[in-house]
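Engineer: Chains as they are written, first to last, in our numbering: chain A, 1 to 250; chain H, 251 to 562. We treat Cβ as the ideally placed atom computed from N, Cα and C, and that holds for glycine. Owing to the predicted nature of the structure, the values given are computational and were not obtained by experimental measurement.
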């Protein structure tokens, strides 16, 4: 049973000075699935992400990765275990080129990242792999452009390429299509579908058509608790889910 | 911006830097030139931390000063040679940097700066209290000695060229650090720390190494100062010195290769040639700084670079 659960939370709670952002959430993410996390604003989705990746300390509860307790592990170590997140606001290194952005992710396993006396040329052995990753997201022609100068949709694509460079086992995507135009949304959705093969994806997403299209399992959060869970058809038929959405949409 | 510079431009830059340094002692007093070099190295060391790691230290005088005192002690009392004395000073500054870094890096932003300032005040207090430092009088009469046993540094030209060689080597090391695998990670951390963490980097360890490197290089400047000027004084460990070097770096342009040196050259030249105006020098320096920060935030070199890249 724990074998096919790659990520699990047990009764996880997060309090900020008395305000309960996440209240006893138990989440089971199956290996190889695309799992959606949806809910109205303030439901605790991003907080949940921050807890899972250890960017925020958990107040109570347990987080398991591959059945091992990672509740107290430092965030960088969780990332090195293969649980890698993206950010709501596109997170690229602005003054570095697209190629250098991807290389940052590739260079750590090289073991030379503390070498201040080595020339940066020594990283060029990674260029071929970096270019291949850029090509995967259609950025091959923009490899030498500083990331800060890329249009928004391209930044998100670059962020994805950088994340994929780590060959993550679990991908946590925080609103991958937020703020995107229609055609970009389609492109990113395609991309997610493609990269999800052989991986597990947990994503927070507001665009319900993307969720309906991509996700095998959907968990609906509202006010820090799980409201419903199941396939898109199941949760969208749930009256309490409808109420939560309409209640917050006003 | 780094990509704009071709290999040829970099070579020309180094060539003119070398030419300028070789000509300097024939144009100005060697002691004046050495003072500029020492401070330029100090500011460049700070810039490595401030401009490339995004960490504002307000206690860098502790590294400059402690290295100056220890180098003086080693050369004068223990009878160490020039290089060994300087190495001892640098080692002490680096060790101090490790302690400062371990404590200060637990916080960020203004709190980080305040902890470095506080720790630097502790070092100042220790220097005042310890008998071997000479207290208010400072440590006087540090021998220059002979480099490697034969080159007499008592000659001010020889001393100048030794200072200049050390400066160039350190300046090269700083450039290399910025443009190294480590420098890449440092830039990534400065631009987006959470993202760097999410890529599996233990960012604190990278910041700590940057801090220790910066402290060691600031210590090198202090060691060089002790040998070149033949004294170490409380002014070298005082908080004013820490503030001054931040000011000079900002004036010249933080995060630029030459900015700190240009800033130092401007301020030291003003202080030197306007010395006849007495305390008005401080007022003028202050006014220049205020104008620069209000109108030209990127500093002298930063503004020139921005202008050039806009044109191309």
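(1) For residue 456 (chain H), count neighbouring Cβ atoms within 10 angstroms of its own Cβ and tell me buried if that reaches 16, exposed if not.
(2) By a C-beta neighbour count over all protein chains shown, 10 Å radius and 16 as the cutoff for buried, is residue 511 (chain H) buried or exposed?
(3) Can you have a look at residue 325 (chain H) and say buried or exposed, based on whether 16 or more other CB atoms are within 10 angstroms of its CB?
(4) According to DSSP, simplified to helix, strand and coil, what is residue 85 (chain A)?
(5) Could you check the C-alpha separation between residue 276 (chain H) and residue 411 (chain H) for me, to the nearest Å?
(6) Considering only their Cβ atoms, is the gap separating residue 138 (chain A) from residue 157 (chain A) smaller than 9 Å?
(7) Along chain H, in chain order, which residues have C-beta atoms closer than 8 Å to that of residue 53 (chain A)?
(8) Between which residues of its own chain and residue 20 (chain A) is the CB-CB distance below 6 Å, once the five residues before and five after are set aside?
(9) Closer than 8 Å by C-beta to residue 430 (chain H): which residues in its own chain qualify, once you throw out the five before and the five after it? Chain order, please.
(10) Quick one: grab the DSSP three-state call for residue 144 (chain A).
(11) Taking the straight line between their C-alpha atoms, what separation do you get for residue 314 (chain H) and residue 469 (chain H)?
(12) Spatial neighbours of residue 425 (chain H) within its chain, please: CB distance less than 7 Å, with the 5 preceding and 5 following residues excluded, ordered by chain position.
(13) Whose Cβ in chain H lies nearer than 7 Å to the Cβ of residue 100 (chain A)?
(14) In chain H, what lies closer than 9 Å to residue 140 (chain A) by C-beta?
(15) The alpha helix (DSSP H) that contains residue 123 (chain A), what's its start and end?
(16) Does the distance from the CB of residue 227 (chain A) to the CB of residue 220 (chain A) come in under 9 Å?
(17) Comparing alpha-carbon positions, which option in H:428, H:509, H:382, H:278 lies nearest residue 553 (chain H)?
(18) With 16 as the cutoff for other CB atoms within 10 Å, does residue 209 (chain A) come out buried or exposed?
(19) Mapping DSSP to helix, strand and coil, what is residue 182 (chain A)?
(20) Taking all protein chains shown into account, do 16 or more other C-beta atoms lie within 10 angstroms of the C-beta of residue 11 (chain A), making it buried, or fewer, making it exposed?
(21) Taking only the alpha-carbon atoms, compute the straight-line gap between residue 421 (chain H) and residue 448 (chain H) and give it to the nearest angstrom.
(22) For the region 472-484 of chain H against the region 276-296 of chain H, are there 3 or more C-beta pairs whose distance is under 8 Å?
(23) How many angstroms separate the CA atom of residue 48 (chain A) from the CA atom of residue 75 (chain A)?
(24) List the DSSP bridge partners of residue 65 (chain A).
(25) If contact means a Cβ-Cβ distance below 9 Å, which residues of the region 86-99 of chain A contact chain H?
(26) According to the Cβ coordinates, are residue 569 (chain H) and residue 500 (chain H) closer than 9 Å?
(27) Give the straight-line distance between the Cα atoms of residue 332 (chain H) and residue 269 (chain H), rounded to the nearest whole angstrom.
(28) Out of H:480, H:465, H:452, H:307, which one is the CA nearest neighbour of residue 406 (chain H)?
(29) Is it buried or exposed for residue 193 (chain A), if we count other Cβ within 10 angstroms and need 16 for buried?
(30) Among residues of its own chain, excluding the 5 on either side of residue 222 (chain A), which ones have a beta-carbon nearer than 7 Å to its beta-carbon?
(31) Taking the alpha carbon of residue 268 (chain A) as the point to measure from, which residue in A:97, A:60, A:131, A:108 has its own alpha carbon closest?
(32) Helix, strand or coil: how does DSSP classify residue 560 (chain H) here?
(33) Just list the residues that DSSP pairs residue 225 (chain A) with in beta bridges.
(34) Can you check which of these residues, H:490, H:482, H:558, is closest to residue 321 (chain H) by C-alpha distance?
(35) Considering Cα atoms alone, identify which of H:555, H:452, H:310, H:526 is closest to residue 77 (chain A).
(36) In chain A, which residues lie less than 8 Å from residue 459 (chain H) when you measure between Cβ atoms?
Structural biologist: To lay it out plainly:
(1) So residue 456 (chain H) ends up on the buried side.
(2) buried
(3) buried
(4) strand
(5) 12 Å
(6) yes
(7) 448
(8) 224
(9) none
(10) coil
(11) In this structure, the alpha-carbon of residue 314 (chain H) lies about 5 Å from that of residue 469 (chain H).
(12) Annotation for residue 425 (chain H): 507 place their beta carbon closer than 7 Å to its own, counting only its chain and skipping 5 residues before and after.
(13) The contacting residues are 434.
(14) The contacting residues do not exist; residue 140 (chain A) stays about 18 Å from chain H at best.
(15) Element bounds for residue 123 (chain A): n/a, residue is neither H nor E.
(16) Contact: yes.
(17) Checking every option, the nearest Cα to that of residue 553 (chain H) belongs to H:509.
(18) The residue in question, residue 209 (chain A), is exposed, as its Cβ has fewer than 16 Cβ neighbours within 10 Å.
(19) helix
(20) By the 10 Å Cβ count, residue 11 (chain A) comes out exposed.
(21) Roughly 33 Å separates the two Cα atoms.
(22) Counting Cβ pairs under 8 Å, three or more are found: they touch.
(23) Taking the Cα positions, residue 48 (chain A) is about 14 Å away from residue 75 (chain A).
(24) A:7, A:68
(25) 86, 87, 91, 92, 93, 94, 95, 96, 97
(26) No answer is possible for residue 569 (chain H): the residues shown for chain H start at 251 and end at 562.
(27) 26 Å
(28) H:480
(29) exposed
(30) 39, 40, 43, 244
(31) Residue 268 (chain A) lies beyond the stretch modelled for chain A, which goes from 1 to 250, so this question has no answer here.
(32) The answer is helix: DSSP assigns residue 560 (chain H) an H, G or I state.
(33) A:222
(34) Nearest of H:490, H:482, H:558 to residue 321 (chain H), Cα basis: H:482.
(35) H:452
(36) Residues of chain A passing the Cβ test: 114, 116.
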